[in-house]
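Q: Below you'll find the structure I mean.
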Amino acid sequence: MANSFGNKLKPETLAEIEKIIPRYPQKRSALMPVLQAIQDDQRVISNDAIEWVVEKLDLQPINVLEVVSFFPNYRQKPIGKCWVRVCRTLSCALHGAYKVVDILEKELGCKMGTTSEDGSITLEYAECLAACGTGPGALIDEDLFENLKPDDLGPVIAEIKKRAAGGVPTPTKG
Amino acid sequence: MAAKETRILLKHADDPNYSTSIDSYLAVGGYKMLEQAVTMKPELIRAEVKAAGLRGRGGAGFPCGVKWDLVDRKSGKPIYLICNCDESEPGTFKDRQLVHKDPHQLIEGIMISAYANNVALAFIYIREEMPKGARILRQAIEEARAKGYVGENICGSGYSCDIIVHRGAGAYICGEETGLIESLEGKRAYPRIKPPYFPAVLGLYNCPTIVNNVETLCNVVHICRMGSVEYAKIGRPNNTGTRIWCVSGHVQRPGYYEVAGITMGELLYDLCGGPLPGRKFKAIVPGGGSMKILRYDERFKGKNPDGSEYEYGVDDIPLDFDGVAAAGSMSGSAGMMVMDDSVDIMEALANLVGFYSHESCGQCTPCREGSLWAKKITWRMCRGDAREQDLDTLVSMAGNIGGRTVCPMGFSTTWPVQSYVGKFREEIEAKVRENKVGMRGDIRLIEK
Ligand SMILES: Cc1cc2nc3c(=O)[nH]c(=O)nc-3n(C[C@H](O)[C@H](O)[C@H](O)COP(=O)(O)O)c2cc1C
Ligand code: SF4
Ligand code: FES
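The structure is reproduced here in structure tokens:
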């Protein structure tokens, strides 16, 4: 029996999922884009979602769970309204990424690696974002912010706070 | 005379009047090569790519034409083409430029390569952290489809091929071609064992599959345009074409530079402006975080044609596959990280070891446990909590990872540990001896 999780999804998300699946030579290959579409819609991949995907793609629960648990960017805990990922890898670190993080933690009142209690901000480390020449870099939702200077973080902090306060984040289309 | 860039792939990328739209690309002669290619015999295009000497730009430098020759064309199974845009090797950001600034060049390269190899379905595997890139590519594919360059009956030739943009989800190991294939099949990205799983024979869905890097596929367009003979004149023999070097860290002008036939010194000084004021270069990681480090004051021995020896330094290293290999490292993904004398080398190592430990897929014990040990040991050395035997343990353990695992990622712990400790032993030993909390360098490179 199909579980009712699908009803929670926006119609566009459902339509997108229906479009994605037949494009692949094998149904199972659509697993990642389907999970991505769900996460963009819900900001989390819940147990209900997993069960729904199992049915949708004719898989076993373990097939979906193994993928959700393997990839760092699929989340079984909700992502905050604003998702901040600061690169910690060498090139960015050489340009002061850790100093940037110290300031962000303090100014945003959010500890690294956590989501703020009100669910507004998720602050995390990322590994190399392929933007090393303009480091330190951070991915804020869909947008890459580069050349973050420890002494000039005002605009970035304001932007994060704005997004954290402002309801719906820009969704990443699947 | 100061060295200059040779912009071929990036010719239009930074032109303010150029955009990612198909009109921009068509205005500079885009898709002409695809129109021409689909009237040719596929094997002729393959022969051109082989004759051009194009080597893979993803990391290993394997000749592209030879790879295409290995494809099993007799199995009767469909052949797939995958463009590897997982770009996640620390220090590398060239594919980002090609995808975000000139997506149609890549699509044309993919379509020509697909036609040349009788491929009916191609994929672009793009890392999750490039959401805009994925969107740009999807839009470009739709534009190209509307003009008959992707999809059914390409340029009226009767040949059809579609492209699917597939996003990753934050795992570095999806850059490794067989891990990528597993991921594309909807599974954990556990690399497959070779043999028997050489993608050219047993790849996606156990069908013959070609995996090529973004930059490699972009080059195919220009090989078609120039012809293999002209193309092969760029660079040195066995190192043909340009390469986009990504320079990050302590230089005046970090960035991406498309060059051919220059030396490392020319890149570092002429193009990147040399060290920061008052600083001296200390060390260079030439080809992405996995590669062995070079000490800036290191000397190498070369051989003249008459057999006599000569000495040269880091600045004299020819900036290509063979040049960097001769200096004992690898050009890898051309992600060059430069460190000056403000850096504590132990911390730099700890930072990278932290990366590889985070990114081990966990399938093989030596890589999973070894990289974690290496992280624990290097991090406690940095935190002033080292034990007497730590350095020896670290080196001997690292030597037991690379070569004993399913995929080459084992070396990503082995090579940095061996080369950093090998080349900076005194500095590291002194740090361990002092064993103080706090860092010697000016900048903190790992978490507290
Ligand atoms: C651990 C690991 C990570 C890799 N990451 C990438 C990557 O991010 N991008 C890439 O193009 N190749 C990467 N490669 C190399 C690929 O396995 C493959 O050789 C390459 O995509 C082939 O393309 P090329 O022949 O055009 O270079 C990686 C290899 C290993 C072992
Ligand atoms: S070497 Fe490491 S990354 Fe490669 S398959 Fe083994 S555990 Fe995975
Ligand atoms: S090291 Fe930060 S983007 Fe590459």
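Here the protein sequences line up with chains F and G, keeping their order.
Counting with my numbering, you get residues 1091 to 1264 for the letters of the first sequence.
Counting with my numbering, you get residues 3 to 450 for the letters of the second sequence.
Each residue gets a CB set at the ideal place from its N, CA and C atoms; glycine is no exception.
Helix or strand or just coil, what does DSSP make of Ser23(G)?
A: coil
Q: What does the Cβ neighbour count give for Met1091(F), buried or exposed, with the cut at 16 atoms within 10 Å?
A: At Met1091(F), the pLDDT of 49 sits below 50, so the modelled position is not reliable; the number obtained from the coordinates is stated separately. By the 10 Å Cβ count, Met1091(F) comes out exposed.
Q: Who are Ser250(G)'s beta bridge partners in DSSP?
A: Met339(G)
Q: Residues of chain G with a CB under 7 Å from the CB of Ala1221(F): which are they?
A: Phe95 and Arg98
Q: Assign Glu91(G) to one of two classes, buried (16 or more other C-beta atoms within 10 Å of its C-beta) or exposed (fewer than that).
A: buried
Q: Less than 8 Å separating the beta-carbons of His252(G) and Val340(G)?
A: yes
Q: Is it right to say Tyr312(G) is buried, meaning 16 or more other beta carbons lie within 10 angstroms of its own, or is it exposed?
A: Residue burial annotation: Tyr312(G) is exposed, with fewer than 16 other C-beta atoms found within 10 angstroms of its C-beta.
Q: In chain order, what are the residue ranges of uninterrupted beta strand (DSSP E) at least 3 long that sit wholly in the segment 149–218 of chain G?
A: 164–169 and 211–215
Q: For a contact meaning CB atoms closer than 7 Å, what does Pro1151(F) contact in chain G?
A: Going along chain G, no residue has its Cβ under 7 Å from Pro1151(F), so there is no contact; the nearest lies around 14 Å.
Q: Between Gly443(G) and Pro198(G), what straight-line distance do the alpha-carbon atoms span, to the nearest angstrom?
A: Near 47 Å, if we compare the C-alpha coordinates of Pro198(G) and Gly443(G).
Q: Comparing C-alpha positions only, which one of Ala352(G), Val121(G) and Ser335(G) sits nearest to Arg75(G)?
A: Val121(G)
Q: For Cys248(G), go through chain F and note every residue whose CB falls closer than 8 Å to its CB, in chain order.
A: Neighbours of Cys248(G) on chain F, chain order: Cys1222 and Gly1223.
Q: Put Met1091(F) into one of helix, strand or coil per three-state DSSP.
A: Confidence at Met1091(F) is low in this model, with a pLDDT of 49, below 50, so the placement of that residue should be treated as unreliable; the coordinate-derived value is given next. The answer is coil: DSSP assigns Met1091(F) none of H, G, I, E or B.
Q: Helix, strand or coil for Tyr258(G) per DSSP?
A: strand
Q: Buried or exposed: which applies to Ile1152(F), given that a residue is buried once 16 or more other Cβ atoms fall within 10 Å of its Cβ?
A: exposed
Q: I'd like the span of the alpha helix (DSSP H) that includes Asn86(G), first residue to last.
A: Segment Ile81 to Cys87 is the beta strand (DSSP E) holding Asn86(G); no alpha helix (DSSP H) there.
Q: Is the CB-CB distance between Ala262(G) and Gly229(G) below 8 Å?
A: no
Q: Along the beta strand (DSSP E) that carries Ile126(G), what are the first and last residues, could you check?
A: Val121 to Ile128
Q: For Asn306(G), count neighbouring C-beta atoms within 10 Å of its own C-beta (all shown protein chains included) and say buried if the count is 16 or more, exposed if not.
A: By the neighbour-count criterion, in which a residue is buried when 16 or more other Cβ atoms sit within 10 angstroms of its Cβ, Asn306(G) is exposed.
Q: Using a Cβ-based criterion (distance less than 7 Å to any ligand heavy atom), does Ser90(G) qualify as near ligand 2?
A: no
Q: If you measure from the beta carbon of Gly61(G) to each beta carbon in chain F, is any gap under 8 Å?
A: no
Q: Bridge partners for Asn241(G) per DSSP, in chain order?
A: Arg238(G)
Q: Determine the direct distance from the alpha carbon of Arg169(G) to that of Pro1112(F), and round the result to whole angstroms.
A: 17 Å
Q: Going by CA-CA distance only, name the one from Ala171(G), Glu154(G), Lys134(G) and Gly243(G) that's closest to Leu12(G).
A: Gly243(G)
Q: Mind listing which residues have their beta carbon within less than 5 Å of any non-hydrogen atom of ligand 3? Chain order is fine.
A: Cys1177(F), Thr1179(F), Ser1181(F), Cys1182(F), Cys1218(F), Leu1219(F), Ala1221(F), Cys1222(F), Gly1225(F) and Gly1227(F)
Q: Since Ala400(G) and Ala376(G) should fall inside the 8 Å C-beta cutoff, what is the C-beta to C-beta distance between them, to a whole number of angstroms?
A: 6 Å
Q: Please go through the same chain and pick out, in chain order, the residues whose beta-carbon is closer than 8 Å to the beta-carbon of Val1(G), but skip the five residues on each side of it.
A: The first residue shown for chain G is 3 and the last is 450, placing residue 1(G) beyond what the model contains.
Q: What do you reckon, is the C-beta of Phe456(G) under 7 Å from a heavy atom of ligand 1?
A: Residue coverage of chain G in this structure runs from 3 to 450, which leaves residue 456(G) outside it and unanswerable.
Q: List in chain order the residues whose CB is within less than 6 Å of at least one heavy atom of ligand 2.
A: Qualifying residues come out as Ile175(G), Pro193(G), Ser362(G), Cys363(G), Gly364(G), Gln365(G), Cys366(G), Cys369(G), Arg370(G), Thr407(G), Val408(G), Cys409(G), Met411(G) and Gly412(G).
Q: Go ahead and label Ala432(G) buried or exposed: buried means 16 or more other beta carbons lie within 10 angstroms of its beta carbon, across all protein chains shown.
A: If you draw a 10 Å sphere on the C-beta of Ala432(G), you find fewer than 16 other C-beta atoms in it, and that means exposed.
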